[in-house]
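Sequence positions in the sequence shown follow our numbering and run 9 to 159. All C-beta atoms, glycine included, are put in the ideal place defined by N, C-alpha and C.
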Amino acid sequence: MKITDALLGEHGLFYALFEQIEQSIAGTGEDLPALTRALAGLLGSHATLEEEHLFPSLQPQVGEMGPLAVMEMEHRQIEELLGSILSTTDLNTMKGETRALLDITTEHFAKEEGVLFHMAEQFLDESLLHQLGDAWSKARGVNLDAMGCAA
């Protein structure tokens with residue numbers, strides 16, 4: 009499996025979680041602290057995988073500035089906003105900040121899906137994309153064979 013496919017699949021799971029969070033924001037929000045803690049852990053590990061595996065492979069092709077710098081800057085912004093959300097005890101503040109987080113993260117994912125992943129497909133050869141996918145698989149504890157199925 010190519011790393012771009014794996015990361016895109018993770019985005020799909022995030023979108024499902026975002027829907028749950030949206031419902032919590034619209035409702036009582038009693039489960040919002042637990043949902044945001046889960047989101048923080050998942051977003052952190054997702055960003056780490058991108059920064060440790062995909063970005064270093066793309067950097068020689070696209071340079072340190074431009075799209076990679078923007079992606080890393082947005083990762084830091086998301087991280088900071090999550091820190092603020094997790095430290096607040098006021099539910100209304102948490103709802104507002106979480107709403108902003110979902111907007112920022114959705115826009116960030118759109119950039120990855122519309123630009124970054126396409127750049128990876130354009131500049132990195134198929135073999136490297138699969139090697140990076142193997143690294144993703146190992147980091148996630150997912151057992152894939154060459155056909156993408158569990159061995």
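Among residues of its own chain, excluding the 5 on either side of Ile86, which ones have a beta-carbon nearer than 8 angstroms to its beta-carbon? Only residues of its own chain outside the window of five on either side were considered, and among them Leu51, Ala55, Leu109, Ile112, Thr113 and His116 have a CB closer than 8 angstroms to the CB of Ile86, listed in chain order.
With DSSP collapsed to three states, give me the class of Leu152. Leu152 carries a coil assignment under DSSP once its states are collapsed to helix, strand and coil.
Taking one C-beta from the stretch 94-107 and one from the stretch 24-37 each time, how about it: are there three or more such pairs within less than 8 angstroms? Enough Cβ pairs lie closer than 8 angstroms, so yes.
To the nearest angstrom, how far is the alpha carbon of Asp8 from that of Thr44? For the chain, the structure presents residues 9 to 159; residue 8 sits outside this window and is missing.
With Glu87 as the anchor, note down where its alpha helix (DSSP H) starts and where it stops. Segment Pro75 to Ser95, the alpha helix (DSSP H) holding Glu87.
Look up Lys10 in the DSSP assignment and say whether it is helix, strand or coil. Under the three-state reduction of DSSP output, Lys10 falls in the coil class, being neither helix nor strand.
Lys103 beta carbon less than 8 angstroms from that of Gly37: Taking the C-beta atoms as reference points, Lys103 is found nearer than 8 angstroms to Gly37.
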